[in-house]
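Peer 1: Below you will find the structure I want to go over with you.
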Amino acid sequence: LAHYLLNPDKITLEEKVIGCKVRYRKPRSGTVQRLMKKFARQNEISPDNPFTEEMMSYSKIGDPAFQDSGLNSHFIKISEILRQYDPVQKKLAGLDREKIDDITAICEEISGNRYPLNLQGSINEKISFVLNSMSKKVKVVFNNAYFLNGLFELRGFKFDSFNENNRYRLIKLTHDDRNRYGVMDTEYKLEYWINDNTLVNYMHILEQSIKTDSKLREILALCINGKAAPLKLFFSNQMEQKYSEKHLPVTYREIFDAYKINPNEQTAITKILNNSQSIVTLNYVPISGTETQKLFTNVSIMHDIKALEPIKSRLPELYSEINKKARMSDAGKMYLLDSLRGSQNV
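Residue 358 is where the sequence shown starts when you use the working numbering, and the numbers rise one by one after that.
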């Protein structure tokens with residue numbers, strides 16, 4: 358999994374096209390006011406740019422997935438016949454090509470997130486692509502599995518071919534106090550260099566999370582066994598919702614009760630828990646069963662044992678209990694502070 362997440366090679370995914378954004382050429386000054394009044398009557402016009410229009414298809418028809426291939430083909434034929442009656446299809450087909458500066462497709466992920474897809478070719482070719490792809494899944498190429506700011510795309514990883522016996526060696530070279538990392542293949546030949554050392558730190562945190570969070574291991578097992586489809590993996594440094602004396606992780610509630618920690622110390626410890634966090638968030642959707650229309654999110658909250666140093670001498674029993682749970686890696690000595698899971702309909 359780390360070999361895939363660190364790999365700088367391109368990945369190809371399937372995304373659903375749900376619409377497009379049309380950017381019109383700016384008209385001559387004499388017709389600007391008239392055109393803006395016309396656009397103002399249309400809800401799709403962007404308020405930030407009156408010469409940009411979004412066209413969205415609200416068709417929920419996707420590719421049929423019945424066990425009978427003949428039945429699937431029959432529904433696909435019906436869908437193709439009905440496509441011409443989609444208002445967006447008719448509007449796109451009637452566009453004046455001469456007035457268009459550019460067209461961008463709009464894709465929607467399973468989670469409901471939308472993003473623009475830049476298209477290649479002439480205006481006619483772009484319109485043709487959108488017309489033929491609307492409400493369908495198309496192949497989209499991304500530069501690599503890592504997007505930015507701690508966000509990774511998991512759908513490009515082939516969980517069904519996961520083999521725990523495969524090993525890839527991570528090497529670290531140091532020169533002038535600067536580190537550079539690379540990954541070697543199974544024959545110990547350099548396969549690729551890692552462009553961002555932060556990614557290596559993420560992998561250490563992920564490894565610690567998998568080893569200590571049984572819920573995260575459960576999700577990965579579901580993905581490997583073909584019972585769940587992973588979507589995104591996200592690393593962050595702070596939970597939006599902070600802990601308080603009334604809302605604490607189970608481990609600390611038990612320790613507070615066992616060692617009779619006084620209220621003042623509880624307040625001090627609670628403040629400590631809200632710092633030095635490393636958050637690993639993974640979302641996925643079940644492939645079968647009654648919950649296939651739900652998006653699940655698992656959050657592993659790792660905490661650096663160094664944050665507890667200020668109370669080590671005052672509360673040695675508490676520190677000792679937590680220290681037993683911590684594991685050491687290049688990312689630091691961390692323990693599982695909390696594990697959360699939630700879901701939403703999609």
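Cβ atoms here follow ideal geometry from the backbone N, Cα and C, with glycine treated the same way.
Taking all protein chains shown into account, do 16 or more other C-beta atoms lie within 10 angstroms of the C-beta of Leu428, making it buried, or fewer, making it exposed?
Peer 2: Exposed, since its Cβ has fewer than 16 Cβ neighbours within 10 Å.
Peer 1: So Leu749 and Ser468 are supposed to be a Cβ contact under 8 Å. How far apart are they, rounded?
Peer 2: Any question about residue 749 goes unanswered here, given that the chain covers just 358 to 703.
Peer 1: Roughly how many angstroms separate the alpha carbons of Ala364 and Glu510, rounded to a whole number?
Peer 2: The residue asked about is misnamed: residue 364 is Asn in this sequence, not Ala. When rounded, the distance between both Cα atoms is 12 Å.
Peer 1: For Gly699, count the other beta carbons within 10 Å of its own beta carbon; 16 or more makes it buried, fewer makes it exposed. Which is it?
Peer 2: So Gly699 counts as exposed.
Peer 1: Beta carbon of Gly376, beta carbon of Ile460: below 7 Å?
Peer 2: no
Peer 1: For Leu665, which residues from the same chain have a beta carbon less than 7 Å from its beta carbon, with the 5 sequence-adjacent residues on both sides left out?
Peer 2: Ile629, Tyr676, Ile679
Peer 1: Taking a contact to mean a Cβ-Cβ separation below 7 Å, would you say Val704 touches Tyr538 in this structure?
Peer 2: Absent from the model: residue 704. The displayed extent of the chain is 358 to 703, so no value can be given.
Peer 1: For a quick check, are the C-beta atoms of Ile658 and Asp695 less than 7 Å apart?
Peer 2: yes
Peer 1: In whole angstroms, what separates the C-alpha of Tyr472 from that of Leu672?
Peer 2: 50 Å
Peer 1: What residues in its chain sit with their C-beta under 8 Å from that of Asn400, if we drop five residues either side in the sequence?
Peer 2: Any reading at Asn400 needs caution, since the residue's pLDDT is 47, under 50, leaving its predicted position unreliable; the model's value is listed next. Hits under 8 Å: none found.
Peer 1: According to the Cβ coordinates, are Asn536 and Lys529 closer than 7 Å?
Peer 2: Yes, they are a contact pair.
Peer 1: Tell me, please, whether the segment 592–605 touches the segment 620–628 by the rule of three or more beta-carbon pairs shorter than 8 Å.
Peer 2: yes
Peer 1: From the DSSP output, in three-state form, read off Gln441 for me.
Peer 2: Reduced to three states, the DSSP call for Gln441 is coil.
Peer 1: If you draw a straight line from the alpha carbon of Ser485 to that of Tyr600, how long is it in whole angstroms?
Peer 2: Using only the alpha carbons, I get a separation of about 53 Å.
Peer 1: Comparing C-alpha positions only, which one of Ile612, Thr409, Tyr525, Asn632 sits nearest to Met596?
Peer 2: Asn632
Peer 1: Mapping DSSP to helix, strand and coil, what is Leu523?
Peer 2: For clarity, residue 523 is Asn in the given sequence; the question names Leu instead. It is coil, neither helix nor strand.
Peer 1: Count the other C-beta atoms from every protein chain shown that fall within 10 angstroms of the C-beta of Asp533, then say buried if there are 16 or more, exposed otherwise.
Peer 2: exposed
Peer 1: Residues in the same chain with beta-carbon distance under 8 Å from Met413, minus the five sequence neighbours each way, listed in chain order, please.
Peer 2: Ile375, Gly376, Glu401, Val445, Ile463
Peer 1: How about the segment 477–491 and the segment 566–578: do they share at least three Cβ pairs that are nearer than 8 Å?
Peer 2: no
Peer 1: Are the CB atoms of Thr569 and Leu697 nearer to each other than 7 Å?
Peer 2: no
Peer 1: For Asn702, which residues in the same chain have their Cβ closer than 7 Å to its Cβ, ignoring the five residues on either side in sequence?
Peer 2: If we look at Asn702 and ignore the five residues flanking it on each side, its Cβ neighbours are Gln650, Lys651.
Peer 1: What are the boundary residues of the alpha helix (DSSP H) that His360 is part of?
Peer 2: 359–363
Peer 1: Suppose contacts are defined by Cβ-Cβ distances below 7 Å. Is Lys456 in contact with Glu411 by that definition?
Peer 2: no
Peer 1: When you compare the CB positions of Ile636 and Ala502, do they come within less than 7 Å of one another, or not?
Peer 2: no
Peer 1: Could you have a look at Ala688 and say whether DSSP puts it in helix, strand or coil?
Peer 2: coil
Peer 1: Helix, strand or coil: which one does DSSP assign to Asn400?
Peer 2: Note that Asn400 scores a pLDDT of 47, beneath 50, so its modelled location is shaky; the value from the coordinates is reported in the next line. Looking at Asn400 - three-state DSSP - the assignment turns out to be coil, as it is neither helix nor strand.
Peer 1: Give me the Cα-Cα distance between Thr543 and Tyr415, rounded to the nearest whole angstrom.
Peer 2: 47 Å
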